[in-house]
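**Student:** Residue numbers (UniProt numbering), protein chains in the order written: chain A, 1 to 681; chain B, 1 to 853. Glycine is no exception: its CB is placed at the ideal position from the N, C-alpha and C atoms. Remember, predicted model here, so these are calculated numbers, not experimental data.
Structure, rendered in structure tokens:
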């Protein structure tokens with residue numbers, strides 16, 4: 001963390017400015033709205049409210065003629081304006097609701113003009129259904145091409161909620177196509193990815209589509225950027241989620257990850273008790289340490305009205321320092337910041353001269369913002385602490401650690417069964433079960449059958465389809481061992497070589513927990529001692545040294561020898577040479593392996609930058625998670641980015657996921673976005 | 001390509017003629033000699049295409065004509081098309097209703113409109129697209145029309161006006177009704193692009209006045225000089241030339257506010273017969289034609305006369321006027337300023353001096369240097385003027401001389417951007433090529449700049465002059481795609497379906513050959529962006545489906561391939577290509593299309609037999625059908641014996657149904673499907689339990705008089721609700737029936753009784769037998785729910801070594817201390833002492849510790 005400040009200065013010049021994408025998305029929306037003349041009623045797909053909130057504000061919509069907003073949901077719709085604009089993803093359910101609205105209005109002989117803006121593009125399916133419903137003639141259909149949305153300065157996302165389920169349960173590959181389109185737009189802006197490296201069958205599919213989108217000859221009308229390899233980007237690493245199913249099943253232990261696990265982050269927003277967000281009422285006597293928190297905040301949490309809060313580093317610099325910390329060190333960090341803030345106030349109060357006073361007053365605003373941020377995060381941590389002290393939480397962590405170490409697997413399965421008996425969450429139980437199945441190469445058929453029965457009896461027989469989905473290809477993460485002879489042939493190759501990977505990719509770190517708290521010396525800090533495979537794979541491409549041993553560790557050791565840690569000890573990032581050195585390891589993981597060089601067809605001479613010594617080059621490596629990624633993976637990648645000079649990571653994903661959201665989406669337990677009639681973003 | 005020997009080229013001024021006042025010069029440039037190539041224009045109705053385009057001729061049936069070998073023997077209407085050089089391009093026979101008007105579009109297509117409101121757009125190969133003005137127009141009939149570059153205005157039989165914008169077959173717009181009782185004497189149209197309002201304006205000569213009509217209103221211009229025989233708007237739309245019955249030519253601004261000139265045509269010597277045409281030459285002179293006299297009327301009533309041996313036809317151009325007579329095709333225009341400045345006798349302009357200097361230089365006269373020095377400050381402008389003048393000359397000889405003069409001048413300049421010079425050289429090369437009489441496009445430099453090189457390439461292509469078009473494309477570094485596409489289409493149309501051999505094989509090899517030829521050509525010419533799908537479509541249209549398929553294989557964009565494959569009924573291929581494209585919407589497009597067209601059985605067979613290749617399509621169909629057409633999905637699973645999927649579908653339905661009996665039926669159906677599959681014994685068993693549970697729940701609801709809701713809850717939840725509602729016995733029964741393990745049952749009952757606050761029952765339960773979950777669970781749960789007092793009671797039942805910890809959990813520090821003492825566990829005691837919350841307890845614990853010694 002010592003080198004935080006100089007990292008920022010580097011990142012500002014080398015990182016790709018993702019805000020451009022936000023501006024594009026915003027402008028496209030405004031254009032789409034302006035294409036409908038006059039005042040209009042906007043009917044919004046609830047699942048789009050979050051993503052839209054990240055690119056625009058309600059005031060912008062109002063400014064462009066949106067009179068009222070409603071959620072797109074079943075039931076009557078009464079509009080005072082003659083224009084009605086629907087904005088939604090092309091889902092059949094939505095289209096049926098729209099058709100119903102139009103038919104109702106016709107029955108009541110109310111005249112409206114209907115415009116349907118589909119995200120991200122128009123669909124034959126939608127027009128077909130509108131035609132079947134007999135209202136196609138009444139609707140003007142066009143598209144609002146919402147693609148990547150910036151979530152942070154180094155994270156952009158399509159914000160698809162169901163990408164994982166669509167791909168690995170339904171086999172609906174729309175998201176791959178949309179991803180390829182979005183990546184093409186990205187390439188149009190920043191140039192071709194000079195090299196595409198990847199792993200996984202769907203990742204391979206995505207790569208094929210992406211390459212097909214780029215023009216073959218320089219003789220075409222496509223922009224120059226699609227013809228020449230980018231100078232700012234050195235590669236695209238595509239990983240599909242099936243390549244590493246273990247990571248999302250584990251409980252995330254970073255600050256942001258834990259907020260997502262325990263409270264839930266949706267489109268970068270979290271619902272918090274209103275009191276935490278409003279400017280301070282008389283401050284309770286100092287943020288006390290955790291000992292005073294018993295059950296009290298839990299019960300009050302339920303009663304208090306909640307408010308949405310956008311977690312962003314733009315207005316909350318403290319969050320930037322906290323989000324990727326292991327939760328165990330968050331308390332200490334907060335303490336330090338609090339003390340620093342206190343000092344600041346004190347020293348300033350002692351200011352004597354007028355000049356000093358003026359300085360103080362000038363700083364006051366900043367101090368107050370910092371103060372407010374500190375209050376928020378202290379309160380938020382206080383909410384989290386009791387939740388991490390519950391028996392289920394700790395038992396679940398214990399089982400995870402044991403399974404990762406392959407320690408007494410059958411005892412762990414029994415422990416999971418006990419958790420069912422104790423009434424643990426269905427999501428927690430299934431995460432553990434799948435983890436057991438993947439790490440141990442399956443669960444004994446008899447035991448598995450018994451535990452499935454327990455699940456069904458405890459949570460309901462209606463979860464049988466969920467269990468079937470988890471067990472069938474292409475997912476196959478809850479399997480009996482050995483596989484029955486009748487199992488489909490496609491299941492056998494899905495078996496995950498966890499134990500060999502654990503060794504070859506150095507997944508478990510045997511350090512003492514104390515040491516882990518002190519130094520983040522490996523990406524495994526995000527799971528308190530376990531390194532996510534996905535990020536290790538990225539390291540195989542972009543920081544090869546980090547896989548085998550730990551450069552940071554060595555640097556620390558050396559620095560300790562010299563008594564002075566220096567940030568100059570950082571090594572220049574090596575150029576991208578694909579999977580070289582790890583071909584064998586990567587080959588053992590199920591799914592296709594990709595390594596393609598894109599030369600482009602432009603006839604341009606190699607840019608000057610490529611002739612420079614690699615030592616002077618700053619590049620960005622784009623990591624695409626097809627099927628979603630977790631906050632811990634983002635945190636780990638940021639850590640990797642800090643280890644070398646000259647390479648930054650840009651995380652691109654179809655959405656942010658965690659184990660619970662995966663299980664929920666497969667079970668069809670979508671969380672409804674809000675029941676109020678008048679919509680807001 | 002130059003026809004004339006260069007030395008014979010006359011001096012440019014030889015074609016100049018000064019207006020009588022001596023200051024304004026017009027030039028009459030002979031473009032082509034057409035002697036004997038065209039019929040007598042006096043017997044024909046003629047329409048000329050601007051920008052050096054062709055002429056269309058149709059016999060004027062009102063004129064008598066001697067029958068002879070040259071005249072067509074049938075009465076059928078026929079339209080002949082000639083190039084400006086008099087070469088026959090096309091002959092069209094018209095078999096539709098009577099033609100009321102024909103004319104040209106901007107892109108050189110011939111529009112022919114008949115009295116039924118049907119109009120066709122012919123390209124120069126005779127291929128046409130047909131549109132109509134609508135059924136209403138057909139009923140009223142069309143009596144006349146004015147055809148412009150980008151649309152037409154038609155006068156209907158009921159004397160209303162219809163406008164067509166563009167040539168895409170758009171719906172006709174009705175203009176304001178002028179309220180006429182009889183057809184206008186004459187009428188004209190100001191096209192939208194030169195009108196101030198950007199809408200079309202129609203001028204009708206009615207009685208003595210003129211009505212101007214647009215889409216909103218009719219305005220009477222209140223003029224008393226009419227009626228008129230000719231109305232002709234100037235090319236820039238700002239002025240009108242009107243000819244009265246009495247023969248007065250009147251030029252007036254379009255808004256009729258400013259009278260600009262008047263001229264009596266009756267006084268012109270040598271004029272015989274009626275006036276044929278009143279056309280504009282540029283924007284400031286008017287050309288009036290009689291049978292053998294052409295009179296140019298300048299802005300101040302000055303005139304120039306040009307004689308022809310017979311009737312002529314004049315076409316207004318951007319920068320002049322083209323006159324086709326019996327012997328020659330001429331271009332008449334005001335002499336461009338750059339030419340005037342150089343060649344005007346006695347001119348002392350810098351460019352004239354530069355030209356003169358160059359001539360001296362070529363004759364090795366020392367005067368050259370002196371002249372150049374004299375114009376040093378204006379040399380750059382002089383060079384530019386010479387370049388421009390080169391563009392204005394028709395003869396390559398003079399073009400070259402002027403460019404050489406420019407080059408010579410350039411040599412004396414330190415800095416001069418050569419772009420204009422190079423571009424002019426290139427452009428002239430192209431222009432000279434297309435002006436050659438066999439090509440016959442007498443395009444001037446200004447016209448070329450106006451329309452652009454792509455337009456020119458297009459015009460050549462539409463004349464099937466692919467080679468020249470390609471050469472020009474590559475010379476100007478334009479994309480050859482459009483030319484290649486047209487070439488390929490022409491190639492397909494011309495190649496015979498079968499080659500010399502006979503039978504299927506020959507046809508196949510013929511297709512192969514054509515396909516190979518086309519692909520090779522494309523690759524060779526770098527036409528990577530040419531859409532093979534378009535060409536394949538063309539092949540399909542002319543009945544060459546084999547060739548179409550082969551060409552389609554080369555198409556890289558699936559979205560272009562698929563629709564054609566569907567029309568060709570290549571269903572499987574279409575589906576495969578759609579799947580391969582990764583564009584799920586395209587897959588849906590195909591699926592929905594096939595679902596409509598095929599029988600359900602064929603549809604399913606097609607998808608099922610596709611195997612892995614069509615797996616994605618099958619999954620998408622399932623996604624769609626699950627939402628929109630479950631009946632179909634059930635049939636689909638059934639037809640493929642997919643029992644597990646069928647069962648899951650039944651289960652999903654069960655989840656949506658609220659009616660108890662139908663829900664149970666659906667679950668039973670799922671059970672049935674699972675039991676049909678021998679590998680799904682577990683699932684079948686579970687479904688059996690499910691339906692049993694639902695039945696039990698139905699009963700329970702009845703027993704509780706419907707006060708408690710049981711239906712649809714899980715086994716655990718059902719037992720819990722039983723306990724909460726005092727039906728404990730029933731919970732036991734369910735436990736037995738569903739073989740619920742002891743541990744789970746105990747946890748559940750512990751939680752339920754705690755919720756209920758029935759601690760007596762809890763006590764009894766805890767004593768009913770030895771707890772399978774131990775008693776720590778009791779303590780913990782009670783503490784977690786805030787029942788610390790009750791929790792203490794169970795600590796004694798916990799394992800000895802855990803008791804102290806459990807007491808601490810309950811907040812009973814002293815008791816914890818006591819336990820430690822009892823067990824002699826000093827270590828734990830110390831640990832507790834460290835954690836205790838206040839000094840009082842600490843002191844007590846210290847005492848206990850002291851007592852332990």
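If we define contact as Cβ-Cβ less than 8 Å, is residue 854 of chain B a contact residue for chain A?
**Tutor:** Lying outside 1 to 853, the shown extent of chain B, residue 854 of chain B is not represented and no answer is given.
**Student:** Taking only the alpha-carbon atoms, compute the straight-line gap between residue 19 of chain A and residue 430 of chain A and give it to the nearest angstrom.
**Tutor:** Sequence index remark: in the first chain, residue 19 of chain A carries index 19 (1-based). Sequence index remark: in the first chain, residue 430 of chain A carries index 430 (1-based). Computed Cα separation, rounded: 38 Å.
**Student:** Output needed for residue 9 of chain A: all residues of its chain with C-beta closer than 7 Å, excluding positions within five of it in sequence on either side, in chain order.
**Tutor:** Mapped onto the first chain, residue 9 of chain A falls at position 9. The predicted model places residue 9 of chain A with a pLDDT of 40, which falls under 50 and marks its position as unreliable, so this point remains unresolved.
**Student:** Under 9 Å between beta-carbons, which chain A residues line up against residue 334 of chain B? List them in chain order, please.
**Tutor:** Numbered from its first residue, the second chain carries residue 334 of chain B at position 334. The premise fails here: residue 334 of chain B is roughly 40 Å from chain A at the closest Cβ pair, so nothing lies under 9 Å.
**Student:** Quick one: what does DSSP say residue 480 of chain A is sitting in, helix, strand or coil?
**Tutor:** Taking the first residue of the first chain as 1, we reach residue 480 of chain A at position 480. The answer is strand: DSSP assigns residue 480 of chain A an E or B state.
**Student:** I need the boundaries of the beta strand (DSSP E) containing residue 358 of chain B, first residue and last residue.
**Tutor:** Here residue 358 of chain B refers to the residue found at position 358 when the second chain is read from its first residue. Not the beta strand (DSSP E): residue 358 of chain B falls in the alpha helix (DSSP H), residues 350 to 362.
**Student:** Evaluate contact between the stretch 417 to 424 of chain A and the stretch 470 to 477 of chain A, counting only Cβ atoms and requiring at least three cross-stretch pairs below 8 Å.
**Tutor:** Result no; under three Cβ-Cβ pairs closer than 8 Å.
**Student:** What are the residues of the stretch 422 to 436 of chain A that lie near chain B, defined by any Cβ-Cβ distance shorter than 7 Å?
**Tutor:** Here the close residues are 422, 423.
**Student:** For a test of your reading of the model: does the CB of residue 654 of chain B fall under 7 Å from any non-hydrogen atom of the ligand ZN? Yes or no.
**Tutor:** Annotation note on the ligand ZN: not contained in the displayed structure, which lists no ligands.
**Student:** Is the shortest distance between the beta-carbon of residue 686 of chain B and the beta-carbons of chain A less than 8 Å?
**Tutor:** Taking the second chain and counting its residues from 1, the one referred to as residue 686 of chain B is at position 686. True, the Cβ-Cβ gap to chain A drops below 8 Å.
**Student:** Within this structure, are the beta carbons of residue 626 of chain A and residue 654 of chain A separated by less than 8 Å?
**Tutor:** For the purposes of this step, residue 626 of chain A is taken as residue 626 along the first chain, with counting starting at 1. For the purposes of this step, residue 654 of chain A is taken as residue 654 along the first chain, with counting starting at 1. Taking 8 Å as the Cβ cut-off, residue 626 of chain A and residue 654 of chain A qualify as a contacting pair.
**Student:** With contact counted as at least three CB pairs below 8 Å, one residue from each stretch, are the stretch 299 to 306 of chain B and the stretch 31 to 40 of chain B in contact?
**Tutor:** Flag = no, the stretch 299 to 306 of chain B and the stretch 31 to 40 of chain B do not touch.
**Student:** Just to make sure I have the definition right: I need the residues of chain A whose C-beta is within less than 7 Å of the C-beta of residue 485 of chain B. Which are they?
**Tutor:** If you number the second chain from 1, residue 485 of chain B lands on position 485. Under the 7 Å cutoff, chain A gives no residues; its nearest Cβ is about 14 Å from residue 485 of chain B.
**Student:** At which residue ranges does the stretch 696 to 760 of chain B contain complete alpha helix (DSSP H) runs of 4 or more residues, listed in the order of the chain?
**Tutor:** Entirely contained in the stretch 696 to 760 of chain B, the alpha helix (DSSP H) runs reaching 4 residues are, in chain order, 715 to 724, 728 to 737, 742 to 756.
**Student:** Helix, strand or coil: how does DSSP classify residue 160 of chain B here?
**Tutor:** For this step, residue 160 of chain B is matched to residue 160 along the second chain. The answer is coil: DSSP assigns residue 160 of chain B none of H, G, I, E or B.
**Student:** Should residue 479 of chain B be labelled buried (16 or more other beta-carbon atoms within 10 Å of its own) or exposed?
**Tutor:** Indexing the second chain from 1 puts residue 479 of chain B at position 479. Per the 10 Å Cβ criterion, buried.
**Student:** Just to confirm, is the Cβ distance from residue 445 of chain A to residue 409 of chain A under 8 Å?
**Tutor:** Position 445 of the first chain, counting from 1, holds the residue named residue 445 of chain A. Position 409 of the first chain, counting from 1, holds the residue named residue 409 of chain A. No. Outside cutoff.
**Student:** Looking at the structure shown, is residue 561 of chain B part of a helix, part of a strand, or coil, going by DSSP?
**Tutor:** Position 561 of the second chain holds residue 561 of chain B. Here residue 561 of chain B sits in helix by DSSP.
**Student:** So which residues of chain A does residue 744 of chain B contact, with C-beta pairs closer than 8 Å?
**Tutor:** Within the second chain, the letter at position 744 stands for residue 744 of chain B. Within 8 Å Cβ-Cβ: 420, 421, 454, 457, 458.
**Student:** With a threshold of 8 Å between beta carbons, is residue 584 of chain B in contact with chain A?
**Tutor:** Position 584 of the second chain holds residue 584 of chain B. True, the Cβ-Cβ gap to chain A drops below 8 Å.
**Student:** I'd like to know if residue 174 of chain A contacts chain B, where contact means its C-beta is closer than 8 Å to some C-beta of that chain.
**Tutor:** Here residue 174 of chain A refers to the residue found at position 174 of the first chain. Cβ-Cβ to chain B under 8 Å: yes for residue 174 of chain A.
**Student:** Cβ closer than 7 Å: which chain B residues qualify as neighbours of residue 177 of chain A?
**Tutor:** As a first step, residue 177 of chain A is located in the first chain; it is residue number 177 there, counting from the start. Within 7 Å Cβ-Cβ: 582, 583, 584.
**Student:** Please go through the stretch 582 to 637 of chain B and give each complete beta strand (DSSP E) segment of 3 or more residues, from N-terminal end onward.
**Tutor:** Correct list: empty.
**Student:** Do you know whose CA, among A/579, A/524, A/54, lies nearest residue 267 of chain A's CA?
**Tutor:** Residue numbering aside, residue 267 of chain A sits at position 267 when the first chain is read from its first letter. Of A/579, A/524, A/54, the residue nearest in Cα terms is A/54.
**Student:** With H, G and I counted as helix, E and B as strand and the rest as coil, what does DSSP make of residue 140 of chain A?
**Tutor:** Your numbering for residue 140 of chain A matches position 140 in the first chain. The answer is strand: DSSP assigns residue 140 of chain A an E or B state.
**Student:** Can you give me the Cβ contacts of residue 403 of chain A inside the same chain, cut-off strictly under 6 Å, excluding the 5 residues immediately before and after it?
**Tutor:** The count along the first chain starts at 1 and reaches residue 403 of chain A at position 403. 412, 435, 436, 439, listed in sequence order.
**Student:** Chain A beta carbons: is any one of them nearer than 8 Å to that of residue 159 of chain B?
**Tutor:** Here residue 159 of chain B is taken as the residue at index 159 of the second chain, counted from 1. No, residue 159 of chain B does not count as interfacial toward chain A.
**Student:** Among B/453, B/46, B/760, B/55, which residue has its Cα nearest to the Cα of residue 100 of chain B?
**Tutor:** As a first step, residue 100 of chain B must be located in the second chain, where it is residue number 100. For the residues B/453, B/46, B/760, B/55, the minimum Cα distance to residue 100 of chain B belongs to B/46.
**Student:** Rounded to a whole number of angstroms, what is the C-alpha to C-alpha distance between residue 426 of chain A and residue 450 of chain A?
**Tutor:** Your numbering for residue 426 of chain A matches position 426 in the first chain. Your numbering for residue 450 of chain A matches position 450 in the first chain. Each residue's alpha carbon lies about 16 Å from the other.
**Student:** Hey, out of B/687, B/601, B/585, B/717, whose CA is closest to residue 459 of chain A's CA?
**Tutor:** Position 459 of the first chain, counted from the start, is the residue given in the question as residue 459 of chain A. Among B/687, B/601, B/585, B/717, the Cα nearest to that of residue 459 of chain A belongs to B/717.
**Student:** With a Cβ-Cβ cutoff of 8 Å, do residue 134 of chain B and residue 117 of chain B count as a contact?
**Tutor:** For this step, residue 134 of chain B is matched to residue 134 along the second chain. For this step, residue 117 of chain B is matched to residue 117 along the second chain. Yes, they are a contact pair.
**Student:** Give the range of the beta strand (DSSP E) segment to which residue 494 of chain A is assigned.
**Tutor:** In the first chain, residue 494 of chain A corresponds to position 494, counting from 1. Taken as a continuous stretch (DSSP letters only), residue 494 of chain A belongs to no beta strand (DSSP E), as it is neither H nor E.
**Student:** Going by DSSP, what residues sit across from residue 233 of chain B in a beta bridge?
**Tutor:** Here residue 233 of chain B is taken as the residue at index 233 of the second chain, counted from 1. Note: residue 233 of chain B sits in a beta bridge opposite B/240.
**Student:** Please classify residue 152 of chain B: does DSSP put it in a helix, a strand, or coil?
**Tutor:** By 1-based counting over the second chain, the position of residue 152 of chain B is 152. Here residue 152 of chain B sits in strand by DSSP.
**Student:** Measuring alpha carbon to alpha carbon, tell me which of B/31, B/285, B/76, B/84 ends up nearest residue 56 of chain B.
**Tutor:** Position 56 of the second chain holds residue 56 of chain B. The shortest Cα separation from residue 56 of chain B among B/31, B/285, B/76, B/84 belongs to B/84.
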